[in-house]
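**Student:** Before anything else, here's the structure in question.
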Amino acid sequence: MTLYFLVKFLHVLGAIVILGTGTGIAFFMLMAHRTDDAEFIARTASVVVIADAIFTLSAVLLQPITGGLLMTLSATPITERWLLAALVLYAVAGLFWIPVVFMQIEMRDLARKAAEQHKALPQRYFVLFRRWFAFGFPGFGATMLILWLMVAKPF
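All residue numbers for the sequence shown refer to this note's numbering, where the first residue is 8 and numbers rise by one.
Here is the structure:
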């Protein structure tokens with residue numbers, strides 16, 4: 008196994024983790040939200056926050072490292088248009104993902120408080136959920152486009 012292959016494997020694995028955790032987190036948060044059960048939402052959001060911190064964050068940090076190594080090992084210049092587009096999209100994905108993390112934490116805390124007090128979820132939770140849901144489309148879409156650019160290298 009060459010160093011290039013190992014780094015490429017790690018890079019692809021990181022992309023899989025980002026896409027997989029993103030999809031899984033979105034699914035579980037949406038399913039919990041649909042129950043309108045504050046306790047269930049709080050438990051689900053607690054796991055989601057942990058999963059984002061462990062899996063998504065580590066993969067997000069790994070991607071630029073492995074990507075940079077792949078550029079060096081393959082002598083790919085940063086001026087390649089597909090690579091520049093991918094880097095811009097990576098920044099876009101980050102601009103949507105970072106606020107989502109804080110929204111998830113606040114939604115978890117609001118659901119916990121509502122469950123502890125045996126009250127309905129506050130309006131702030133629903134505002135955050137709609138924003139969280141909306142932010143998912145450009146964030147996840149940018150990630151999907153990056154994957155396509157990495158594979159197709161269209162320009």
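Glycine included, every Cβ here is placed at the ideal spot set by N, Cα and C.
How would you write the range of the alpha helix (DSSP H) that Lys120 sits in, first residue to last?
**Tutor:** Within the sequence shown, numbered from 1, the residue matching residue 120 stands at position 113. That run of the alpha helix (DSSP H) goes Arg88 to Glu123.
**Student:** Here's a check: name, in chain order, each residue in its chain whose Cβ is nearer than 7 Å to the Cβ of Thr73, leaving out the five neighbours to either side.
**Tutor:** Residue mapping note: residue 73 aligns to position 66 of the sequence shown, counting from 1. Result list for Thr73: Val14, Leu17, His18 and Gly21, in chain order.
**Student:** What does the Cβ neighbour count give for Tyr132, buried or exposed, with the cut at 16 atoms within 10 Å?
**Tutor:** The residue labelled residue 132 in the question sits at position 125 within the sequence shown. Label assigned to Tyr132: buried.
**Student:** Do Ile32 and His40 have their CB atoms nearer than 8 Å?
**Tutor:** In the sequence shown, counting from the first residue as 1, residue 32 sits at position 25. In the sequence shown, counting from the first residue as 1, residue 40 sits at position 33. Contact: no.
**Student:** So Ile61 is in the alpha helix (DSSP H); what residue range does that whole segment cover?
**Tutor:** Within the sequence shown, residue 61 is the residue found at index 54, counting from 1. Premise fails: Ile61 is in no alpha helix (DSSP H) and is neither H nor E.
**Student:** Report the CB separation of Ala159 from Leu96 in whole angstroms; it is logged as a contact under 8 Å.
**Tutor:** If you number the sequence shown from 1, residue 159 lands on position 152. If you number the sequence shown from 1, residue 96 lands on position 89. At roughly 13 Å, the Cβ-Cβ gap does not stay under 8 Å, so Ala159 and Leu96 are not in contact.
**Student:** Do you know whose CA, among Ala100, Leu152 and Gln124, lies nearest Phe142's CA?
**Tutor:** By one-based count along the sequence shown, residue 142 stands at place 135. Closest by alpha carbon: Ala100.
**Student:** In the DSSP assignment, find the unbroken alpha helix (DSSP H) run with Pro145 in it and report its ends.
**Tutor:** To locate residue 145, count along the sequence shown from 1; it is residue 138. Where Pro145 is concerned, the enclosing alpha helix (DSSP H) stretches over Gln130 to Ala159.
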